[in-house]
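Every position in the sequence shown, counted from 1, becomes a number in my numbering once 13 is added. Note that CB positions come from ideal geometry on N, CA and C, so glycine has one too. Source: prediction; values computed, not measured.
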Amino acid sequence: ALRAWMALKTEGVQRYRKQIEQNIRQAAYLDDLVRRQPDLELLAPTALNIVNFRFRHASIPPSELDDFNAELLMRLHEQGVAAPSSTMLNDSFSIRVAICNHRSRRADFDALIAGVLSIGRDMLGENGQQRR
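In structure tokens:
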């Protein structure tokens, strides 16, 4: 508690408020990026700074979506594109982005979506599935 109190005293409440508001705006931006991509699906309403989505292509059977997205997330980490976490929402594997870094910029979220799409489409090609 002392550490948090000292940080608030040193930095001030306004600075933290601005950082939190920035993260919420960035989550709305990421939500919009996901909605614009036909191969991506939001799995929950975006709440504050958390966005949950998955790669979903018509050629992937619903029973294989969880494994496909788990593999996609692992490759995303291995390639160093971004480091989102995962969770299960309504029995579906979700790529979970919790935005809390004051250094994050829109370009980071653009790169995340580009990476997810690129890796997902490459995986479709590996599996012999059709691309749109």
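Asked                                                                                                                                                  : Found
Output the distance between the C-alpha atoms of Met136 and Lys22, rounded to the nearest integer angstrom.                                            : 49 Å
Within 10 Å of its beta-carbon, does Asn114 have 16 or more other beta-carbons around it, so buried, or fewer, so exposed?                             : exposed
Would you tell me roughly how many angstroms separate the C-alpha atoms of Leu125 and Ser117, rounded to the nearest one?                              : 11 Å
Kindly give me the distance between the Cβ atoms of Asn148 and Asn62, rounded to whole angstroms, as I take these residues to be in contact under 8 Å. : Outside the displayed range of the chain (14 to 145) lies residue 148, so it cannot be described from this structure.
Would you kindly work out how many angstroms separate the C-alpha atoms of Asp1 and Met101, rounded to a whole number?                                 : For the chain, the structure presents residues 14 to 145; residue 1 sits outside this window and is missing.
Rounded to whole angstroms, what's the CA-CA distance from Phe106 to Ala96? Just pull it up for me.                                                    : 16 Å
Have a look at Leu89 and Ala127 and give me their C-alpha separation to the nearest angstrom.                                                          : 11 Å
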